[in-house]
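Asker:
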Amino acid sequence: MKVLITGSTGLLAKGFEETAESGHEIVGVHKRDYRVADPRMKHLHLDVSDAAAVDALFNEHRFDAVIHAAGMASVDAVEKNPEEGRASNVGGTAAIARAAKRIGAYLVYISTNAVFDGASPPYAEDDPVSPIHHYGRIKLECEQAARAECPEACVARPILMYGWNHAVNRPNPVSWIYEKLIKGERIPLVDDVYENPLFNLQCGKTLWSLLEKRPAGVFHLAGATRINRYEMGLEVARVFGLDADLIERVDSSFFPSIAPRPKDTTFKTHKVQTVLGIEPMTLAEGLAVMKSTMGIGF
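Numbering follows the numbering used here, with no gaps: position 167 of the sequence shown is 204.
Written out as structure tokens, the structure is:
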């Protein structure tokens, strides 16, 4: 299978690449100037909002499947500049979806848990969406654009993701906690915001399963453990044998934020379990895998 993945330097793409079986060809595109060492992925530069460049790439490569994960992803940055966020996300999604439809490629659009307001968890795929900030509203527009241009598309909504990220990338919550604790630094972590975090390697395996089965519709991707960041920090300290006394318990008012944040966007995972046959990993299981592969890509 020849697969295109946009946003190819991110944590999701890293998990996808690392869980690929032999025989697949992966082309990754990104907008930034740097490249990362992925032996199983060919990296190319592409601005997905440039429709002509997108069409040229699809004409050259004729992909079997496309995972579209690129876009402006900072919630606060989008809150400050919503039109820039809309141009980056919605325009690029429409261009990718049109091109995928034109060549008959299966499309998986990567959305977010931010399409929910956090008031009525846990959320199933068919629950009403109700984003409370510009980023969530724009990602919902992207979902709609992807399915309008390519009705057979799948919308995958990964929740908070963790794993060993590329050294050139910003850390995710778990790698950030680990990095701070290993340096002996004190860290404040909130105790009033809940998710069921997703290990990036499990996300990768789930995406491969979607490409094999090619279902349409929406899928929620998440782990098995509902947890807040403070509890997550304690679990990281326990698994890696680090000092939990460095972790300070705070509430979300401790951190200034431009955009409002939902309090609990925990996902139901029944659909992934029944349609794809995938059992979500607990946080402890994901951290154990991270511990066994310490330093790889970090």
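Note that the Cβ used here is the ideal one computed from N, Cα and C, for glycine as well.
Since we're looking at a predicted model, the values are computed, not measured.
Cα separation between T46 and D288?
Answerer: Counted from its first residue, the sequence shown places residue 46 at position 9. Counted from its first residue, the sequence shown places residue 288 at position 251. Roughly 32 Å separates the two Cα atoms.
Asker: Since G241 and G52 are thought to touch, with beta carbons under 8 Å apart, how far apart are those beta carbons, to the nearest angstrom?
Answerer: Numbered from 1 along the sequence shown, position 204 holds the residue referred to as residue 241. Numbered from 1 along the sequence shown, position 15 holds the residue referred to as residue 52. Their Cβ separation, rounded to whole angstroms, is 3 Å, which keeps G241 and G52 in contact under 8 Å.
Asker: Name the residue from I140, A142, A110 and F236 whose alpha carbon lies nearest to the alpha carbon of V127.
Answerer: Within the sequence shown, residue 127 is the residue found at index 90, counting from 1. It is A110 whose Cα lies nearest to the Cα of V127.
Asker: As a quick exercise: from L48, L244, S294 and V276, pick the residue whose alpha carbon is nearest that of Y143.
Answerer: In the sequence shown, residue 143 corresponds to position 106, counting from 1. Among L48, L244, S294 and V276, the Cα nearest to that of Y143 belongs to L244.
Asker: Taking the continuous alpha helix (DSSP H) assigned at Y172, which residues delimit it?
Answerer: On the sequence shown, residue 172 is found 135 positions in, with the first residue counted as 1. Per DSSP, Y172 belongs to the alpha helix (DSSP H) from H171 to E186.
Asker: Which residue or residues does DSSP assign as beta-bridge partners of N265?
Answerer: Here residue 265 refers to the residue found at position 228 of the sequence shown. DSSP lists Y231 as partners of N265.
Asker: For the stretch 124-174, list the alpha helix (DSSP H) runs that are entirely contained and at least 4 residues long, ordered along the chain.
Answerer: Listed in chain order, the complete alpha helix (DSSP H) runs (minimum 4 residues) inside the stretch 124-174 are 129-140.
Asker: Can you tell me which of the three DSSP states T330 falls into?
Answerer: Along the sequence shown, read from residue 1 onward, the residue named residue 330 stands at position 293. DSSP places T330 in coil when its eight states are reduced to three.
Asker: According to DSSP, simplified to helix, strand and coil, what is P42?
Answerer: On the sequence shown, residue 42 is found 5 positions in, with the first residue counted as 1. For clarity, residue 42 is Ile in the given sequence; the question names Pro instead. Correct three-state label for I42: strand.
Asker: Would you tell me roughly how many angstroms separate the C-alpha atoms of N265 and I284, rounded to the nearest one?
Answerer: Sequence index remark: in the sequence shown, residue 265 carries index 228 (1-based). Sequence index remark: in the sequence shown, residue 284 carries index 247 (1-based). Straight-line Cα distance between these residues: approximately 13 Å.
Asker: Could you pull the start and end residues of the beta strand (DSSP E) that I284 belongs to?
Answerer: Stepping through the sequence shown from its first residue, residue 284 is reached at position 247. I284 to V287 is the span of the beta strand (DSSP E), which, as asked, contains I284.
Asker: Under a Cβ-count criterion, where at least 16 other Cβ atoms within 10 Å of its own Cβ denotes burial, should I175 be classed as buried or exposed?
Answerer: Numbered from 1 along the sequence shown, position 138 holds the residue referred to as residue 175. Buried is the call here.
Asker: Between the stretch 207-219 and the stretch 155-162, do at least 3 Cβ pairs fall closer than 8 Å?
Answerer: They do not touch, by the three-pair rule.
Asker: If contact is defined by three or more beta carbon pairs under 8 Å, each pair taking one atom from either stretch, is the stretch 166-175 in contact with the stretch 111-131?
Answerer: In short, these stretches touch, since the Cβ pair count reaches three.
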